[in-house]
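Chains as they are written, first to last, in this note's numbering: chain A, 1 to 435; chain B, 1 to 538.
Glycine included, every Cβ here is placed at the ideal spot set by N, Cα and C.
In what follows, a structure is listed as structure tokens, so that the remarks can point back to it.
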């Protein structure tokens with residue numbers, strides 16, 4: 001008998017089967033992932049989790065006798081009441097699954113399984129791409145890695161550098177004129193030969209002395225000395241990491257309904273997840289504004305009510321202040337997403353446009369403007385008039401500006417709009433990349 | 001006789017004895033226990049194995065392949081699930097699908113994992129889960145490494161159909177071959193063939209051993225024997241017996257010749273495709289062969305579920321009881337075992353919410369225990385029903401014959417006794433589509449025993465369970481349309497997935513395929529399915 005411990009074997013033996021399965025069901029899973037995000041809380045999107053796909057696409061059909069019809073005999077255990085000749089009403093649901101031979105998997109039209117967070121996001125964010133990823137910056141708090149940096153005389157045995165050590169030893173042996181073992185043996189042999197031929201030749205004595213001196217030197221000068229030993233030196237070096245900051249700007253004045261805020265929140269969440277996939281470090285700054293703007297924490301941002309007018313330029317100013325204070329442009333990839341219902345104080349329009357065009361856009365890798373609307377369709381003749389901000393931003397938007405704008409009315413539009421904004425387009429690779 | 005047959009008095013006595021030894025365990029000298037807590041290490045496993053082996057070989061006289069016990073984690077158990085329990089398997093998406101489903105069920109706590117998996121190979125590999133307690137490891141060792149192992153080595157179906165020595169090598173070859181094909185022909189192309197082959201797996205087994213083509217030497221020997229026999233029996237009188245003139249020879253039609261040439265009718269569809277399909281290339285045929293061989297390897301398992309589990313359950317039950325009697329496991333461990341064992345052989349009644357068909361462990365164990373009872377302490381009824389074995393006093397010998405020479409269907413039809421029918425309260429219902437109500441045909445009474453037994457045995461008979469599908473004709477020189485017949489039994493048609501399978505079949509065959517469902521009584525075609533190839537193969 002042999003006992004083998006297989007627990008240490010590398011795991012994930014069925015990983016490639018799983019990948020094959022996902023590849024085969026890719027279209028279905030992708031659809032499930034995307035429709036799944038509409039129903040689940042968007043905060044959980046990152047968690048991965050259970051998805052359900054129609055079983056049709058991954059069916060493994062077999063040919064068997066049907067589970068119903070014809071004349072059948074069943075033998076069942078646990079009879080308490082029946083005697084021979086009794087007649088029983090057919091159980092509801094056609095009596096399927098009564099017999100042991102019913103087979104498994106009949107009538108299952110959905111297939112449920114768990115996706116890991118990575119698999120989920122891969123599918124979720126498939127074909128999306130961030131514009132302008134170029135900036136890479138060394139930061140103080142970055143991860144450190146070790147790099148080879150010369151040699152040292154101390155170190156752990158595992159980092160012993162043998163060639164260097166041996167080279168040192170050889171140099172020392174040469175410098176101190178350590179005789180080689182062969183040399184000594186040759187001399188000893190010669191001496192022995194001479195002694196055998198002419199035991200009392202006069203030069204024998206000098207030969208003996210020479211041999212004794214060489215032997216003494218051999219003992220005195222070691223082959224390898226602790227002095228020779230060298231270790232590989234490793235130096236900690238900071239690793240460059242790319243980092244991003246995401247500004248969430250939102251109008252929280254009275255005209256923004258809960259529904260609009262919810263739409264905005266969903267958009268921000270998606271953006272956050274997306275940025276996190278691309279950058280190891282992502283900071284989020286929430287700036288809300290009415291007629292004045294302030295930086296707040298997430299909870300206040302989404303939930304605390306606020307009233308007042310609507311002056312968009314205040315938010316932009318606040319953002320510029322934060323950037324100047326904490327996020328030097330050279331070090332950070334800056335993304336901004338603004339959500340608004342499109343209102344702005346008419347007198348502020350010129351200032352907003354100027355700020356955006358001259359100050360904000362040059363800083364940003366990408367600036368997304370999301371105009372959220374009422375869930376209901378606008379009244380005919382009323383609704384589709386572009387809002388103040390929309391008209392304003394349309395003027396600023398140019399092929400070279402890293403800016404995009406979209407309108408969203410319904411929760412189900414969020415994801416398509418998001419995809420549209422970030423979908424991989426070779427055409428967009430050219431503009432908006434000053435770095 | 002190695003083991004005292006456990007009539008109740010001796011059992012009680014030995015229980016008391018065991019209790020006495022455990023009571024004395026405070027004195028270190030008397031402590032025979034193999035383990036003292038739920039924890040185990042490799043020494044414990046070895047001790048457990050040795051003790052179990054001693055009982056299995058010397059008392060039960062089991063005949064086993066050498067054992068190889070592997071300790072695995074839950075994740076590895078899930079891995080093993082998805083590849084039908086085999087330690088290595090070729091890659092296919094369907095295994096990934098099963099893994100995903102099992103993983104979900106396991107994580108959500110809807111499905112526990114098996115305590116063990118055992119593989120019919122030489123050496124016989126048993127997987128033990130690392131979470132098992134020491135008692136569970138003992139139970140599982142007895143169950144898998146001895147019970148199943150003995151069954152695999154001795155049952156005639158396994159001996160006939162599976163090659164325990166070669167299976168792991170073959171799987172390694174299959175895995176390598178599939179991977180090689182994927183490299184050469186692309187994953188998609190291989191997947192298409194495997195999908196189709198998997199769909200036809202149920203139609204890819206030989207149900208009867210084929211006639212071996214005799215070699216020249218045995219032919220010569222038989223010829224010599226026949227001649228010698230003829231010489232012995234030579235009687236010149238036979239010459240004078242008048243014979244009828246112009247013996248009727250059956251006119252072999254062109255159709256018959258054509259069928260004979262292709263070996264039709266043929267029920268092993270995959271085999272036929274592998275040998276005859278006009279458009280497949282060599283590697284595609286080899287893939288079909290791999291799937292077919294694996295299907296054939298598992299064919300005995302589906303026919304011996306009740307017996308296999310019954311045998312293993314019976315063996316572990318006897319071994320655990322003996323370990324307890326010998327004082328090798330203490331009362332606590334024994335109670336833990338009893339608890340698990342009872343769960344394993346639990347059979348809920350048909351109206352119970354937990355009912356999911358007859359539990360093969362329960363049925364097999366009940367019948368085998370009953371065989372032992374019949375051998376040792378038969379009643380008048382048993383003597384009437386089982387005159388051959390009643391009171392023969394050799395339960396293990398009898399059981400070993402049973403394990404070797406039967407499959408589920410024959411086992412039940414021979415050994416399901418009235419007592420077991422009564423204990424399980426089995427009854428038989430007839431469900432006729434044409435009637436409004438179900439009819440109770442027979443119950444556990446004098447009139448019903450034989451009918452219940454026959455009906456239950458039929459439920460396990462592959463000839464009834466599997467659809468009778470055969471390739472009956474193809475005109476290779478004409479339109480090459482492949483014609484299959486499904487001879488319906490009791491008016492049961494094929495399931496609704498069949499057209500998809502037929503589509504796969506057409507893809508492999510490369511030309512049209514016609515499947516006719518035939519009522520064998522009236523020889524009329526009830527339904528026809530047609531499929532045309534989608535192209536892209538070969």
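Hey, does residue 396 (chain A) have any beta-carbon neighbour from chain B nearer than 8 Å? With respect to chain B, the C-beta atom of residue 396 (chain A) has no partner C-beta closer than 8 Å.
Under 8 Å Cβ to Cβ from residue 191 (chain B), same chain only, skipping five residues before and after it: list those, please. Cβ-Cβ distances below 8 Å link residue 191 (chain B) to 92, 93 in the same chain, with the five nearest sequence neighbours on each side left out; the list follows chain order.
Under 8 Å Cβ-Cβ, which residues of chain A neighbour residue 92 (chain B)? Those within 8 Å of residue 92 (chain B) in chain A are 17, 20.
Using only the alpha-carbon positions, how far apart do residue 471 (chain B) and residue 520 (chain B) sit? The alpha-carbon separation between residue 471 (chain B) and residue 520 (chain B) amounts to approximately 16 Å.
Taking the Cβ atom as the reference point for each residue, do residue 370 (chain A) and residue 301 (chain A) lie within a distance shorter than 8 Å? For residue 370 (chain A) and residue 301 (chain A), no; Cβs fall outside 8 Å.
Rounded to whole angstroms, what's the CA-CA distance from residue 255 (chain A) to residue 235 (chain A)? Just pull it up for me. In this structure, the alpha-carbon of residue 255 (chain A) lies about 58 Å from that of residue 235 (chain A).
By the three-class DSSP mapping on this structure, what secondary structure does residue 291 (chain B) have? Taken through DSSP and simplified to helix, strand or coil, residue 291 (chain B) comes out as helix.
Drop a sphere of 10 angstroms on the beta-carbon of residue 156 (chain A), count the other beta-carbons inside from all chains shown, and report buried for 16 or more, exposed for fewer. So residue 156 (chain A) ends up on the exposed side.
If you reduce the DSSP assignment to three classes, tell me which class residue 150 (chain A) lands in. Of the three classes helix, strand and coil, the one that applies to residue 150 (chain A) here is strand, per DSSP.
Taking 8 Å as the threshold (beta carbon to beta carbon), is residue 342 (chain B) in contact with chain A? No, because no Cβ of chain A sits closer than 8 Å to the Cβ of residue 342 (chain B).
Can you round the beta-carbon distance between residue 306 (chain B) and residue 399 (chain B) to whole angstroms, since I take them to be within the 8 Å contact cut? With a Cβ gap of about 14 Å, residue 306 (chain B) and residue 399 (chain B) do not count as contacting.
Any C-beta of chain B sitting closer than 8 Å to the C-beta of residue 418 (chain A)? With 8 Å as the cut-off, residue 418 (chain A) does not count as an interface residue toward chain B.
On the three-state DSSP scale, how would you describe residue 308 (chain B)? Secondary structure at residue 308 (chain B): helix, using DSSP grouped into helix, strand and coil.
Secondary structure, alpha helix (DSSP H): runs of 4+ residues fully inside the segment 71-102 of chain B: Contiguous alpha helix (DSSP H) elements confined to the segment 71-102 of chain B occur at 74-82, taking only those with 4 or more residues.
If you pair each beta-carbon of the segment 279-296 of chain B with each one of the segment 263-270 of chain B, do three or more pairs fall below 8 Å? A contact exists between the segment 279-296 of chain B and the segment 263-270 of chain B.
Within the 8 Å Cβ cut-off, does residue 143 (chain B) reach chain A? Chain A, which has no Cβ nearer than 8 Å to the Cβ of residue 143 (chain B), makes this no.
What do you get for residue 90 (chain A), buried or exposed, if any count of 16 or more other CB atoms within 10 angstroms of its CB means buried? Exposed, since its Cβ has fewer than 16 Cβ neighbours within 10 Å.
Tell me, please, whether the segment 114-126 of chain B touches the segment 145-154 of chain B by the rule of three or more beta-carbon pairs shorter than 8 Å. Judged by pairs of C-beta atoms under 8 Å, the segment 114-126 of chain B touches the segment 145-154 of chain B, as three or more such pairs exist.
Are residue 543 (chain B) and residue 90 (chain B) close, meaning C-beta to C-beta below 8 Å? Any property of residue 543 (chain B) remains undetermined from this structure, which presents chain B solely from 1 to 538.
Leaving aside the five residues before and after residue 347 (chain B) along the sequence, list all residues of the same chain whose C-beta is less than 6 Å from its C-beta, in chain order. So the qualifying residues of the chain are 359, 362.
Quick one: what does DSSP say residue 54 (chain B) is sitting in, helix, strand or coil? If DSSP states are grouped into helix, strand and coil, residue 54 (chain B) belongs with the helices.
Taking the C-alpha atoms as reference points, what is the distance between residue 337 (chain B) and residue 325 (chain B)? Taken atom to atom, the span from the alpha-carbon of residue 337 (chain B) to that of residue 325 (chain B) is near 14 Å.
Candidates B:141, B:67, B:135: closest to residue 332 (chain B) by CA position: Cα-wise, what sits closest to residue 332 (chain B) is B:135.
At the 8 Å Cβ level, is residue 348 (chain A) part of the contact set with chain B, yes or no? Proximity of residue 348 (chain A) to chain B, defined by a Cβ-Cβ separation below 8 Å, is not satisfied.
With a threshold of 16 other CB atoms inside 10 Å of the CB of residue 374 (chain A), please say whether the residue is buried or exposed. By the 10 Å Cβ count, residue 374 (chain A) comes out exposed.
According to the Cβ coordinates, are residue 114 (chain A) and residue 103 (chain B) closer than 8 Å? Their beta carbons are under 8 Å apart, which means residue 114 (chain A) touches residue 103 (chain B) by this criterion.
Look at the Cβ atom of residue 366 (chain B), then the Cβ atom of residue 315 (chain B), and state whether they are nearer than 8 Å. Result no, Cβ atoms of residue 366 (chain B) and residue 315 (chain B) do not sit closer than 8 Å.
Using a threshold of 8 Å, state whether the C-beta atoms of residue 40 (chain B) and residue 185 (chain B) are closer than that. No.
Along the chain, where does the alpha helix (DSSP H) containing residue 151 (chain B) start, and where does it finish? In the DSSP annotation of this structure, the continuous segment of the alpha helix (DSSP H) that includes residue 151 (chain B) starts and ends at 149-154.
Identify, in the order they occur along the chain, each residue of the same chain with its Cβ nearer than 6 Å to the Cβ of residue 416 (chain A), setting aside the five sequence neighbours on each side. Result list for residue 416 (chain A): empty, nothing under 6 Å.
Along the alpha helix (DSSP H) that carries residue 334 (chain A), what are the first and last residues, could you check? Secondary structure note for residue 334 (chain A): it is in no alpha helix (DSSP H), and the uninterrupted beta strand (DSSP E) holding it is 333-340.
Taking the Cβ atom as the reference point for each residue, do residue 367 (chain A) and residue 319 (chain A) lie within a distance shorter than 8 Å? No, these two residues do not count as a Cβ contact at 8 Å.
Residue 81 (chain B), buried or exposed, once every other Cβ within 10 Å from all chains shown has been counted against 16: Buried, because 16 or more other Cβ atoms sit within 10 Å of the Cβ of residue 81 (chain B).
If you count every other CB in all the chains shown that lies within 10 Å of the CB of residue 329 (chain B), and 16 or more means buried, which is it? Using a 10 angstroms sphere on the CB of residue 329 (chain B), the tally of other CB atoms reaches 16 or more, which defines it as buried.
Any contact between the segment 193-209 of chain B and the segment 497-516 of chain B? By contact I mean 3 or more CB pairs, one from each, below 8 Å. The answer is yes - the segment 497-516 of chain B touches the segment 193-209 of chain B, with three or more Cβ pairs under 8 Å.
Note down, in chain order, every chain A residue with its Cβ under 9 Å from the Cβ of residue 429 (chain B). Going along chain A in sequence order, the residues near residue 429 (chain B) (Cβ under 9 Å) are 72, 73, 74, 75, 76, 82, 88, 98.
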